[in-house]
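**Q** This is the structure, below, for whatever I ask next.
Residue numbers (the numbering used here): 1 to 174.
Shown next, in the form of structure tokens:
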């Protein structure tokens with residue numbers, strides 16, 4: 001791919017990530033093109049339809065989550081800090097889209113593999129926090145991950161918003 005075409009594709013993807021995270025997957029393609037500073041024709045040359053653009057965003061989002069979870073686990077800090085850091089990292093990302101795609105569109109192998117990696121890393125993170133006595137022990141790790149996912153997989157989630165704060169307070173061991 002030519003360098004200018006790669007830059008245009010990256011601009012489209014970045015604009016789409018921001019708009020979809022803020023407003024959900026129904027944001028008009030024309031607005032995405034405008035936010036990228038490009039014409040709608042350029043957008044459609046790179047992504048023939050909304051589905052192709054949303055799939056690329058979801059894969060990029062999962063790669064980002066996987067890498068963030070790995071970094072937090074490898075940092076060796078307190079396990080609860082890793083959980084809080086991961087939740088904060090999720091803010092402003094299109095996780096509602098990724099979750100909706102996972103529930104409604106058959107996953108290509110790449111997305112399915114990435115989702116499995118993220119799920120495994122989250123289970124490790126929650127398990128470590130429980131083992132350290134920082135996260136409630138009366139929840140199965142999979143249930144704690146489901147609760148965390150419910151709060152961070154919504155459009156417009158922000159670190160420190162009321163729902164996120166209440167959720168984390170409820171998961172913390174007393």
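Even glycine gets a Cβ: it sits at the ideal position worked out from N, Cα and C.
Here the structure is a predicted model, which is why all the values come from computation and not from measurement.
1) Around the C-beta of residue 33, are 16 or more other C-beta atoms found within 10 angstroms, so that it is buried, or is it exposed?
2) With a cut-off of 8 Å, do at least 3 Cβ pairs link the region 149-160 to the region 129-141?
3) Helix, strand or coil, according to DSSP, for residue 124 in the structure here?
4) Specify, as a first and last residue, the run of the alpha helix (DSSP H) that residue 1 falls within.
5) Are at least three pairs of beta-carbons, each pair with one atom in the region 42-57 and one in the region 1-17, less than 8 Å apart?
6) Between residue 54 and residue 114, how many whole angstroms is the CB-CB distance? I'm expecting something under 8 Å.
7) Could you tell me the distance, in whole angstroms, from the CA atom of residue 2 to the CA atom of residue 85?
8) Would you call the region 117-129 and the region 74-88 touching, i.e. three or more CB-CB distances under 8 Å?
9) Measure the C-alpha to C-alpha separation of residue 135 and residue 152 and round it to an integer number of angstroms.
10) For residue 19, write down the residues that DSSP places opposite it in a beta bridge.
11) Measuring only the C-alpha atoms, how far is residue 204 from residue 142?
12) Helix, strand or coil for residue 158, going by three-state DSSP, please let me know.
13) When we look at the beta-carbon of residue 93 and count the other beta-carbons within 10 Å, is it buried (16 or more) or exposed?
14) Beta carbon of residue 118, beta carbon of residue 65: below 7 Å?
**A** Per the coordinate set shown:
1) buried
2) no
3) helix
4) Looking at the DSSP string, residue 1 is not in any alpha helix (DSSP H), and its letter there is neither H nor E.
5) By the criterion of at least three beta-carbon pairs nearer than 8 Å, the region 42-57 is in contact with the region 1-17.
6) Actually they do not touch by this definition, with Cβ atoms about 15 Å apart.
7) 37 Å
8) yes
9) 17 Å
10) Beta-bridge pairing links residue 19 to no other residue.
11) Residue 204 lies beyond the range of the chain shown here (1 to 174); nothing can be said about it.
12) coil
13) buried
14) yes
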